[in-house]
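**Q** Have a look at this one before I ask anything.
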Amino acid sequence: MFNASLKQLSALLAQKKLSSTELTQSYLDRVARLNPGLNAFLSVDAERSLAQARAADERIAAGKAQPLTGIPVAHKDIFCARGWLTTCGSKMLANFVSPYDAHVVEQLNAAGAVILGKTNMDEFAMGSSSETGFRGPVRNPWDRTRVAGGSSGGSAAAVAARIAPVAIGTDTGGSIRQPAALTGICGLKPTYGVVSRYGMIAFASSLDQGGPMGKSAEDLALLLNVMAGFDARDSTSLERPAEDYARLLDAPLTGDHAKPLSGLRIGVPREYFGEGLSGDVAAAVEATLAQFEKLGATRIAISLPNSGLSVPAYYVIAPAEASSNLSRFDGVRYGYRAAEYGDLADMYRKTRAQGFGAEVKRRILIGTYVLSHGYYDAYYLKAQKIRRRIAQDFAAAYKHCDLILGPTSPSVAFGLGAKVSDPVQMYLIDIYTVAANLAGLPAMSIPCGFGEGGMPVGLQLVGDYFAEARMLQAAHQFQLATDWHLRQPAGTE
Ligand code: GLN
């Protein structure tokens with residue numbers, strides 16, 4: 001059952017072979033057994049989850065079920081959920097119980113899904129290893145001495161260890177795709193504006209996007225169907241007709257079932273296979289490319305000439321926006337407040353000094369610096385110009401190809417503690433992921449093999465705007481022909 005797809009679970013629920021209460025309880029039991037070794041969940045609330053499960057069972061009995069009714073979903077602790085502790089991995093919000101639901105949470109609740117718990121993450125989603133949260137690091141289910149990636153590492157580890165059937169995460173510069181890659185699962189960052197940011201604690205608003213994480217492309221499509229949609233409370237939410245992201249999954253591009261991807265042009269950027277990419281990852285990605293060709297896709301060499309500038313541009317823009325977004329955590333309205341202080345300014349200072357961790361402070365310092373009067377043109381404005389160039393590179397590439405393929409991360413999961421004290425090394429891990437956020441493009445990661453130490457390798461697909469269904473189709477067809485996505489870490493049976 002713990003390897004079942006959403007479709008299979010939903011069928012078991014519909015046929016009354018299983019109730020949502022039983023399903024939820026068995027996942028809660030797995031969380032209780034396996035979470036202490038993984039630290040993937042920050043909070044579980046069995047009573048709340050089971051109450052939702054009972055309501056789902058009534059709905060199923062009444063014949064009003066939707067595809068996700070009764071399915072437990074793990075929520076990254078960045079999503080506000082009414083009545084749930086919502087900490088964003090920070091001491092600053094250690095006691096914050098959200099009075100309202102994020103749009104995504106509202107949609108999932110309305111679909112009858114069950115909140116299984118809130119998952120661990122890097123503090124305020126700043127990081128690539130899920131080590132900076134105030135409740136300690138997430139451990140990778142494939143090797144507990146290694147990181148699970150970040151910042152949605154808790155959601156990724158939960159799905160990888162089969163202690164949640166699916167999960168939701170957020171991706172500002174790779175935080176859905178990179179942990180998915182490092183734990184051997186799938187994750188998708190939608191086109192900017194497809195998923196509402198309302199109630200998703202803001203990191204860098206022009207880059208943040210929520211998205212689905214799961215074992216297969218098919219599961220991602222079903223989850224995205226519920227997460228996506230217009231919401232007037234997010235001014236950047238896109239108002240467009242609802243789309244069924246699962247509609248192309250089983251449709252071969254041509255009538256030739258032996259070559260279901262015939263006609264698909266896969267762009268392979270030269271810049272994604274250069275210096276910095278480890279050999280094991282390169283080999284797995286190359287082998288997958290050959291598999292895509294076997295399925296009928298055509299390989300097209302392309303160039304994204306400004307790729308090397310994406311990390312520097314991102315690490316100016318994201319901290320700039322973060323420094324503004326995080327100004328709300330001042331000890332006045334909610335969250336942490338220093339116990340002892342003098343005047344108001346001292347209260348702010350002590351609250352923020354004690355409430356934020358080192359990485360968050362570093363970002364606020366960088367952000368305020370690049371936005372300051374004397375440096376704005378040299379850094380912030382320059383980064384915005386590079387951002388435009390990066391988007392133009394993609395636009396030029398999509399004249400020749402339908403999807404862009406490459407590695408998600410330059411290496412497999414690294415050891416806990418290996419990079420956390422070296423921010424530049426940590427930032428460089430984002431080399432292949434941040435460009436999609438800067439350009440607002442949809443991108444996903446799927447497992448495609450194993451590398452050093454038997455650790456999973458992730459393959460990234462980047463699509464043109466609104467190419468989610470096309471990307472999911474390509475990934476699904478690949479997954480029908482291979483079984484990387486079905487591998488489960490030892491010790492999680
Ligand atoms: N690793 C990137 C950062 O630290 C991306 C984080 C994210 O996508 N939330 O900012």
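What the sequence shown shows, in this note's numbering, is residues 1 to 493, in sequence order. From the three backbone atoms N, C-alpha and C, an ideal C-beta is built for every residue, glycine too. Note that the coordinates shown come from a computational prediction; the quantities given were computed from them, not determined experimentally.
Classify ARG254: buried if its beta carbon has 16 or more other beta carbons within 10 angstroms, exposed otherwise.
**A** Checking the sequence, you will find Thr at residue 254 rather than Arg. Per the 10 Å Cβ criterion, exposed.
**Q** Would the beta-carbon of GLY211 be found less than 8 Å away from any heavy atom of the ligand GLN?
**A** no
**Q** Looking at ALA383 and VAL434, is the spacing between their C-beta atoms short of 9 Å?
**A** no
**Q** Do GLY406 and GLN488 have their C-beta atoms within less than 9 Å of each other?
**A** In this structure, GLN488 does not lie closer than 9 Å to GLY406 by Cβ.
**Q** Can you tell me where the beta strand (DSSP E) with SER235 in it begins and where it stops?
**A** Premise fails: SER235 is in no beta strand (DSSP E) and is neither H nor E.
**Q** Report the residue from GLU340, PRO212, THR21 and ALA282 whose alpha carbon sits nearest the alpha carbon of ILE60.
**A** THR21
**Q** Do ARG146 and GLY458 have their C-beta atoms closer together than 9 Å?
**A** no
**Q** In terms of alpha-carbon separation, which member of ALA102, GLU106, ALA164 and GLN291 lies closest to ARG30?
**A** ALA164
**Q** Would you list, in sequence order, the uninterrupted beta strand (DSSP E) runs of no fewer than 3 residues that lie entirely inside the stretch 52-128?
**A** 72-76 and 114-119
**Q** Comparing C-alpha positions only, which one of TYR341, GLY153 and VAL159 sits nearest to PRO505?
**A** Not covered by the structure: residue 505. The range shown for the chain is 1 to 493.
**Q** Going by beta carbon distance, what residues of the same chain come within less than 8 Å of VAL311, once the five residues before and after it are set aside?
**A** TYR427, LEU428, ASP430, ILE431 and VAL434
**Q** May I ask you to report which of helix, strand or coil DSSP gives ARG515?
**A** Nothing can be reported for residue 515, as the shown portion of the chain is limited to 1 through 493.
**Q** Helix, strand or coil: which one does DSSP assign to ASP29?
**A** Note: ASP29 maps to helix in three-state DSSP.
**Q** Please confirm whether any heavy atom of the ligand GLN lies closer than 8 Å to the CB of SER307.
**A** no
**Q** If you drop the 5 nearest sequence neighbours on each side, which residues of the same chain put their C-beta closer than 6 Å to that of ASP330?
**A** TYR348
**Q** For PHE230, which residues of its own chain have a beta-carbon under 8 Å away from its beta-carbon, when the five flanking residues on both sides are left out?
**A** SER196, SER237, LEU238, GLU239 and ARG240
**Q** Does the separation of the CB atoms of LEU42 and THR132 fall below 9 Å?
**A** At the C-beta level, LEU42 and THR132 stay beyond 9 Å of one another.
**Q** Pick out whichever of GLY454, GLY453 and ALA474 has its Cα sitting closest to the Cα of VAL462.
**A** The alpha carbon of VAL462 has as its nearest neighbour, out of GLY454, GLY453 and ALA474, the alpha carbon of ALA474.
**Q** Cβ of ILE168 versus every heavy atom of the ligand GLN: is any distance shorter than 8 Å?
**A** no
**Q** At what residues does the alpha helix (DSSP H) containing PRO179 begin and finish?
**A** 177-183
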